[in-house]
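A.B. asks: In our numbering, the protein residues as written are 384 to 736.
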Ligand code: KG4
Ligand code: ZN
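Put into structure tokens, the structure is as follows:
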């Protein structure tokens, strides 16, 4: 079988990322982030991000092509994130993809960002076959989905509001002023909480317990908005946490966050079992997203998964954050599946927006 070679372009958020893959081999992988800008404005400003994409995209492409040492005319297709994401940022990637398709007579492979996150594991681990259960947890998303094929997703649970576990942790960390601790100054909120929680005394994780009444509904949806606001309210009412109590506070928050995920995962697996939707030889749970790099959460969820006979697979953290490899890989899967969403060379339009 001839290997497929795909360029992936991802500009949905603040990273300008591109990769060229040849089946499961990365020929080149380039990513540019303006973290300094992001930090200064206290979050990603869409206008700043879009400007950054426009400034970076040609340089990223050039570097990617020269590192891969391939001719763009020799590709099998160009994959590009079509959404979801910030429209003015997506447009920068899409316009570039369309122009390249026209110049080099390539097929266009429009890719869904969330789905490409979920499929990444099949790039890094060829043993993961359909269907598999995927739990995405990051600064942008929280969802549980049964992946039955590259375009066949059964969404089982998602955030009931705009708050993700990563964003909630970052907000709590900000209120705790963890960035003012010199060793944590350049560490993200979730990781800072994890580091402090590790030094909590035994039982410290129960000192500031999970507020009651969160996510009692009989579904698999997540409510990190409520979790976050309960802890923020506690801080507003009781004032700042003393330095000596910080580890216990962080351990409690982390534990509550984990418990919320664990109970939702459990419910989800039970629903799937009820409907006999996952065969015994396909019991694989994929954890992905920045929050999955938290070892307390990962170990805890691995324990839950094992109880139900699921093995746990986690793609490497570098491919869990936004990147061009995941976009290219999903494009490759679309090619292999002969997806009707592929836009053939002769039909590539001038603009999609
Ligand atoms: O997937 P990701 O790198 O980026 C996107 O969301 O696109 O996720 C970033 C999020 C941040 O909110 C960060 O606080 C969180 O992941 N995070 C963690 C850890 N490392 C990163 N949360 C908990 N524990 C960690 N070790
Ligand atoms: Zn993402």
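Cβ coordinates follow ideal geometry from the N, Cα and C atoms, glycine included. Source: prediction; values computed, not measured.
Can you tell me whether residue 463 is buried or exposed, with buried defined as 16 or more other CB within 10 angstroms of its CB?
C.D. replies: Position 80 of the chain shown, counted from the first residue, corresponds to residue 463. Under this definition residue 463 is a buried residue.
A.B. asks: Cα-Cα, which of 401, 516 and 458 is closest to residue 728?
C.D. replies: Numbered from its first residue, the chain shown carries residue 728 at position 345. Closest option to residue 728, Cα to Cα, is 458.
A.B. asks: Is it true that the CB of residue 707 sits closer than 8 angstroms to the CB of residue 393?
C.D. replies: Position 10 of the chain shown, counted from the start, is the residue given in the question as residue 393. Position 324 of the chain shown, counted from the start, is the residue given in the question as residue 707. A contact, by the Cβ cut-off of 8 angstroms.
A.B. asks: What first and last residue would you give for the alpha helix (DSSP H) that runs through residue 440?
C.D. replies: Start at 1 with the first residue of the chain shown, and residue 440 comes out as number 57. Per DSSP, residue 440 belongs to the alpha helix (DSSP H) from 429 to 451.
A.B. asks: Name the two residues that bound the continuous beta strand (DSSP E) containing residue 515.
C.D. replies: The residue labelled residue 515 in the question sits at position 132 within the chain shown. Run containing residue 515: 515 to 520, per the beta strand (DSSP E) assignment.
A.B. asks: What would DSSP say about residue 674, mapped onto helix, strand or coil?
C.D. replies: The residue labelled residue 674 in the question sits at position 291 within the chain shown. Residue 674 falls in the helix class under three-state DSSP.
A.B. asks: Given the structure, does residue 552 come close to the ligand KG4, in the sense that its CB is under 7 angstroms from one of the ligand's heavy atoms?
C.D. replies: Residue mapping note: residue 552 aligns to position 169 of the chain shown, counting from 1. With a cutoff of 7 angstroms, residue 552 counts as near the ligand KG4, since its C-beta is closer than that to a heavy atom of the ligand.
A.B. asks: Answer with buried or exposed for residue 546, where buried requires no fewer than 16 other C-beta atoms within 10 angstroms of its C-beta.
C.D. replies: What you label residue 546 is simply residue 163 of the chain shown in a count that begins at 1. It is buried - the Cβ of residue 546 has at least 16 other Cβ atoms within 10 Å.
A.B. asks: By a C-beta neighbour count over all protein chains shown, 10 Å radius and 16 as the cutoff for buried, is residue 496 buried or exposed?
C.D. replies: Within the chain shown, residue 496 is the residue found at index 113, counting from 1. Label assigned to residue 496: buried.
A.B. asks: Could you check what DSSP says for residue 722 in three-state terms: helix, strand or coil?
C.D. replies: For the purposes of this step, residue 722 is taken as the residue at position 339 of the chain shown. Here residue 722 sits in coil by DSSP.
A.B. asks: Does the distance from the CB of residue 559 to the CB of residue 567 come in under 8 angstroms?
C.D. replies: Taking the first residue of the chain shown as position 1, residue 559 is located at position 176. Taking the first residue of the chain shown as position 1, residue 567 is located at position 184. For the pair residue 559 and residue 567, the CB atoms are not nearer than the 8 angstroms cut-off.
A.B. asks: Of all the options 498, 713, 443 and 442, which has the alpha carbon lying nearest to the alpha carbon of residue 467?
C.D. replies: The sequence position of residue 467 within the chain shown is 84, counting from 1. Comparing Cα-Cα distances from residue 467 to each of 498, 713, 443 and 442, the minimum goes to 498.
A.B. asks: Any heavy atom of the ligand KG4 closer than 7 angstroms to the beta-carbon of residue 705?
C.D. replies: Position 322 of the chain shown, counting from 1, holds the residue named residue 705. The beta carbon of residue 705 sits closer than 7 angstroms to at least one heavy atom of the ligand KG4.
A.B. asks: Could you say which of 410, 569, 489 and 696 lies nearest to residue 667 if we only look at CA atoms?
C.D. replies: Within the chain shown, residue 667 is the residue found at index 284, counting from 1. Out of 410, 569, 489 and 696, 696 has the C-alpha closest to the C-alpha of residue 667.
A.B. asks: Excluding the 5 residues preceding and the 5 following residue 618 in the sequence, name in chain order all residues of the same chain whose CB lies nearer than 6 angstroms to its CB.
C.D. replies: Stepping through the chain shown from its first residue, residue 618 is reached at position 235. Cβ within range, chain order: 558.
A.B. asks: For residue 732, which option in 527, 486 and 630 has the closest C-alpha, if you only look at C-alpha atoms?
C.D. replies: Start at 1 with the first residue of the chain shown, and residue 732 comes out as number 349. For residue 732, the nearest C-alpha among the options comes from 486.
A.B. asks: Between which residues of its own chain and residue 642 is the CB-CB distance below 6 angstroms, once the five residues before and five after are set aside?
C.D. replies: Here residue 642 refers to the residue found at position 259 of the chain shown. The answer, listed in chain order, is 593.
A.B. asks: For residue 526, which option in 730, 671 and 721 has the closest C-alpha, if you only look at C-alpha atoms?
C.D. replies: The sequence position of residue 526 within the chain shown is 143, counting from 1. When only C-alpha atoms are compared, the closest one is 671.
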